[in-house]
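Novice: Can you keep this structure in mind? I'll have questions shortly.
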Amino acid sequence: MIKTGQYNKLRAVRQTDNGVYLVDKEETAEVLLPNKYMPDELYEDDILEVFVYKDNSNRLTATTLRPKATVNQFAWLKCKDVNKFGAFLDWGLDKDLLVPYREQAEPLKEGQHYIVYIYIDGVSGRIVGTTRYLRYLRNKYVEVKDGDEVELLIDNTTELGTNVIINNKYQGMIHASEFFTRLTRGDRCKGYIKHVRHDNKIDVSLHPGAFDRISAGAQKILELIKEKEEGFLPYHDKTPAAVVRKELGMSKKTFKQAIGGLYSRRLIRIEDDGLYLVK
2 MIKTGQYNKL RAVRQTDNGV YLVDKEETAE VLLPNKYMPD ELYEDDILEV
52 FVYKDNSNRL TATTLRPKAT VNQFAWLKCK DVNKFGAFLD WGLDKDLLVP
102 YREQAEPLKE GQHYIVYIYI DGVSGRIVGT TRYLRYLRNK YVEVKDGDEV
152 ELLIDNTTEL GTNVIINNKY QGMIHASEFF TRLTRGDRCK GYIKHVRHDN
202 KIDVSLHPGA FDRISAGAQK ILELIKEKEE GFLPYHDKTP AAVVRKELGM
252 SKKTFKQAIG GLYSRRLIRI EDDGLYLVK
């Protein structure tokens, strides 16, 4: 299967006047690599990694050029032109990336840079971009945990701090107190997950080791739950404070902070009937 908007490893099968045709592993589809993108030496059955997109005639085309981002990724791109169809941005290919007017959070201006999410239009099948990208940030299901090293794209700055896009998937924030380095919108850098909150909001640091060590209370709960053969403790947010203090030897506040920390590290699940060890 040849994936539009992605890199594909394809095999050269035949030469024509216009270029060489490439096929996928299953030989169920083929795509033309035009002459201008062909390497100096290319032989039948050679394997090439190419990017596949639709050309101006809506035909699948392969290129050895490397775009600044692929489908389902975010990029910081410069607007080259605006016409009746929308704005056209430079994303590293001969064919510029269209951002239709309906997908512009604000009117795009020639010469300005914007954060853009790249996707495939469901009607035309063409690769397009949008600056209305918040709906593509998937914080409902977060798969990173405290301490993880991640890739960041710097977004806008507010009074609270700077919003960032994490691993092309999630929205996070670097709080103002975390800034020791000047960063501007569109910069890319490494970062570290400081804390994944119970509501899946993500705090990010630019420095390794900035996330909190597991607390003594969290360590105690983790040890207790590991001792249970079923990996379960019958305590939760609504457990009375007196029960928490008697059974666990800690305050209700300490208990809630501890299970929140364990949950954010994906060490436990919090259910209505209690705490479950993530195995």
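Sequential numbering of the sequence shown, starting at 2, is according to this note's numbering. We treat Cβ as the ideally placed atom computed from N, Cα and C, and that holds for glycine. Please read all numbers here as calculations on a predicted model, not as lab measurements.
(1) Check residue 189 in the structure and name its three-state DSSP category.
(2) Do residue 177 and residue 117 have their CB atoms nearer than 8 Å?
(3) Taking the alpha-carbon positions, what's the residue 87 to residue 254 distance?
(4) Judging by CA-CA distance, which residue of 133, 145 and 114 is the nearest neighbour of residue 188?
(5) Considering only DSSP beta bridges, list what residue 150 is partnered with.
(6) Using a Cβ-Cβ cut-off of 7 Å (strictly less than) and excluding sequence neighbours within five positions of residue 278, which residues of its own chain qualify?
(7) Since residue 248 is in the alpha helix (DSSP H), which residue starts that stretch and which ends it?
(8) Which value, in whole angstroms, describes the spacing of the CA atoms of residue 262 and residue 240?
(9) Can you tell me whether residue 227 is helix, strand or coil according to DSSP?
(10) Going by the CB atoms, is the gap between residue 62 and residue 14 shorter than 8 Å?
(11) Is residue 206 helix, strand or coil by DSSP?
(12) Give the list of continuous beta strand (DSSP E) stretches no shorter than 3 residues that lie fully inside the segment 10 to 61.
(13) Provide the residue span of the alpha helix (DSSP H) that contains residue 105, from first to last.
(14) Could you check the C-alpha separation between residue 109 and residue 85 for me, to the nearest Å?
(15) Using DSSP with H/G/I as helix, E/B as strand and the rest coil, what is residue 184?
(16) Could you check whether the segment 185 to 200 touches the segment 137 to 151, counting it as contact only if at least three pairs of C-beta atoms, one from each stretch, sit closer than 8 Å?
(17) Would you kindly work out how many angstroms separate the C-alpha atoms of residue 143 and residue 170, rounded to a whole number?
(18) Are the beta-carbon atoms of residue 71 and residue 119 separated by less than 8 Å?
(19) Which whole-angstrom value describes the C-beta separation of residue 23 and residue 54, a residue pair presumed to lie in contact below a C-beta threshold of 8 Å?
(20) Where does residue 270 fall in DSSP's three states?
(21) Tell me whether residue 183 is buried or exposed, calling it buried when 16 or more other Cβ atoms sit within 10 Å of its Cβ.
Specialist: To lay it out plainly:
(1) strand
(2) no
(3) Residue 87 and residue 254: Cα-Cα distance of roughly 53 Å.
(4) Nearest in C-alpha terms to residue 188, of all of 133, 145 and 114, is 114.
(5) 193
(6) The beta carbon of residue 278 lies closer than 7 Å to those of 226, 227, 232 and 269 in the same chain, with the five residues before and after it left out.
(7) In the DSSP assignment, residue 248 falls within the unbroken alpha helix (DSSP H) covering 242 to 249.
(8) 18 Å
(9) helix
(10) no
(11) strand
(12) 20 to 24, 31 to 35 and 48 to 55
(13) Here residue 105 belongs to no alpha helix (DSSP H), and DSSP marks it neither H nor E.
(14) Between residue 109 and residue 85, the C-alpha separation is close to 12 Å.
(15) coil
(16) yes
(17) Approximately 9 Å between the Cα atoms of the pair.
(18) yes
(19) Incorrect: roughly 14 Å between the Cβ atoms, too far for contact.
(20) strand
(21) Exposed is the call here.
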